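Going by the UniProt record's numbering, the first residue of the sequence shown is number 1, and it counts up by one from there.
For glycine and all other residues, C-beta sits at the position ideal for the given N, C-alpha and C.
From a predicted model like this one, the values you see are computed outputs, not experimental measurements.
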Amino acid sequence: MGSGNFKIKFTDLALQHLEFWHKSGRKTHIKRIEKLIQSIRETPASGIGKPELLKYSLAGKYSRRIDQEHRIIYRIEDHTVFIISMKGHYEP
């Protein structure tokens with residue numbers, strides 16, 4: 001998989017979650033999400049946020065911690081990362 005600049009695409013659900021975070025006014029969460037997305041863009045399978053390859057119904061997807069309760073869930077396809085969700089804990 002390597003490193004480099006991966007293209008980032010958001011699902012409709014992830015965009016709804018991003019809007020939620022911006023409306024929430026939680027600046028620390030918004031900054032954390034921005035840093036996580038930058039790290040995902042550079043090295044999707046490693047970096048900050050304790051990247052974890054998921055199993056079972058989410059097999060093939062990764063998660064990174066926004067905080068103790070919330071995760072970014074994403075999948076990697078070729079040189080594109082699809083952000084699936086950014087709120088909650090392993091729900092898609």
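Which residues in the same chain have their Cβ closer than 6 Å to the Cβ of residue i, if we skip the five residues on either side of it in sequence?
{"i": "ILE48", "result": "SER39"}
{"i": "LEU36", "result": "GLY49, ARG64, ILE72"}
Here's the rule I'm using: 16 or more other beta-carbon atoms within 10 Å means buried, otherwise exposed. How should residue i be labelled?
{"i": "PHE6", "result": "buried"}
{"i": "ALA14", "result": "buried"}
{"i": "HIS17", "result": "buried"}
{"i": "ALA59", "result": "exposed"}
{"i": "TYR56", "result": "exposed"}
Would you list the one or two residues that DSSP bridges to residue i?
{"i": "PHE18", "result": "What sits at residue 18 in the sequence shown is Leu, not Phe. None, per the DSSP bridge assignment."}
{"i": "ARG65", "result": "ARG71"}
In angstroms, rounded to a whole number, what distance separates the CA positions of residue i and residue j?
{"i": "HIS79", "j": "LYS9", "result": "11 Å"}
{"i": "LEU54", "j": "PHE82", "result": "15 Å"}
{"i": "SER24", "j": "GLY4", "result": "32 Å"}
Once the 5 residues before and after residue i are set aside, which same chain residues still bring their CB inside 8 Å of it?
{"i": "ALA45", "result": "MET1, PRO51, LEU53, TYR62, ILE76"}
{"i": "TRP21", "result": "HIS29, ILE30, ILE33, MET86, LYS87"}
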